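**Q** Position 153 of the sequence shown, counted from 1, bears residue number 156 in our numbering, the numbering being contiguous throughout.
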Amino acid sequence: MSSTTQQSETQQSDESVDGRKETENERADRQWSELIQEVRVAQTGVQIMFGFLLTVAFTPRFTTLAETDKTIYLITVVLGAAATGALIGPVAFHRVVSGRRMKSRAVTWASRLTVTGLFLLLATLVSALLLIMRVATHNHIVPWIVAGIVAWYVLCWFVLPLWASHRHTASDRT
4 MSSTTQQSET
14 QQSDESVDGR
24 KETENERADR
34 QWSELIQEVR
44 VAQTGVQIMF
54 GFLLTVAFTP
64 RFTTLAETDK
74 TIYLITVVLG
84 AAATGALIGP
94 VAFHRVVSGR
104 RMKSRAVTWA
114 SRLTVTGLFL
124 LLATLVSALL
134 LIMRVATHNH
144 IVPWIVAGIV
154 AWYVLCWFVL
164 PLWASHRHTA
174 SDRT
């Protein structure tokens with residue numbers, strides 16, 4: 004991120020809703036609250052999916068899966084565990100550093116954990132979709148369907164927000 008963009012974001016976030024300047028601590032508190040609200044959505048989804056994934060190995064059909072499908076399943080479980088850890092990480096991070104006057108740094112690290120968790124969640128969802136589609140259809144078109152879904156996730160989760168951010172930042176400079 005360029006220093007101009009950071010300055011622009013800092014200047015924008017210095018103004019609170021009522022028009023008065025926001026202190027660094029107030030900004031960190033607001034950013035923390037916003038981040039935790041965002042993480043709650045992703046946490047819930049990844050925890051439900053991970054819980055479901057853990058039960059699959061105990062079903063009768065699991066033993067009949069091809070070795071490739073079992074490998075995909077194991078990769079999916081590991082990705083789900085990693086995503087769960089990254090998305091729960093911000094809460095643990097905050098708890099450990101709470102009261103040490105480093106909330107703005109905690110927000111930065113928690114944000115990084117959240118983005119990492121989203122990438123891991125993307126990989127988990129794609130892997131799970133691939134496994135389900137392979138087992139359910141055995142069709143040669145499965146990779147194309149999965150690729151389309153990957154493109155959709157990347158568009159919704161990353162491309163559109165980055166495009167909007169770039170466009171908004173560019174319009175602020177003019």
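Just so it is clear, CB atoms sit at the ideal spot from N, CA and C, and this is done for glycine as well. Computed from a predicted model, the values in this text were never measured in an experiment.
Below 8 Å between beta carbons: does that hold for A45 and G92?
**A** Cβ distance not < 8 Å, so A45 and G92 don't count as in contact.
**Q** Pick out the complete beta strand (DSSP E) segments inside the segment 98-169, 3 residues or longer, and give them in chain order.
**A** none
**Q** Taking Cβ positions, are W160 and L134 nearer each other than 8 Å?
**A** Contact check for W160 against L134 fails: the beta carbons are separated by 8 Å or more.
**Q** Determine, using beta carbons only, whether A150 and L116 come nearer to each other than 8 Å.
**A** no
**Q** What does the alpha-carbon distance come out to for the pair T172 and T26?
**A** Straight-line Cα distance between these residues: approximately 22 Å.
**Q** Could you give the distance in angstroms between the alpha-carbon of H97 and the alpha-carbon of I39?
**A** 10 Å
**Q** How about the segment 74-83 and the segment 52-59: do they share at least three Cβ pairs that are nearer than 8 Å?
**A** Touching, yes.
**Q** Using only the alpha-carbon positions, how far apart do S36 and A131 sit?
**A** 31 Å
**Q** Look at the alpha carbon of K106 and the alpha carbon of A95, and state the distance between them as a whole number of angstroms.
**A** 13 Å
**Q** What do you reckon, is the C-beta of T71 under 7 Å from a heavy atom of the ligand FAD?
**A** Absent from the structure shown: the ligand FAD. Ligands present: none.
**Q** Let me make sure I understand the geometry here. Which of S101, V99, L68 and R108 has the alpha-carbon closest to that of R30?
**A** R108
**Q** Enumerate in chain order the residues of its own chain whose CB-to-CB distance from D72 is below 8 Å, with the five nearest sequence positions on each side excluded.
**A** Cβ neighbours of D72 beyond the five flanking positions: L134, R137 and V138.
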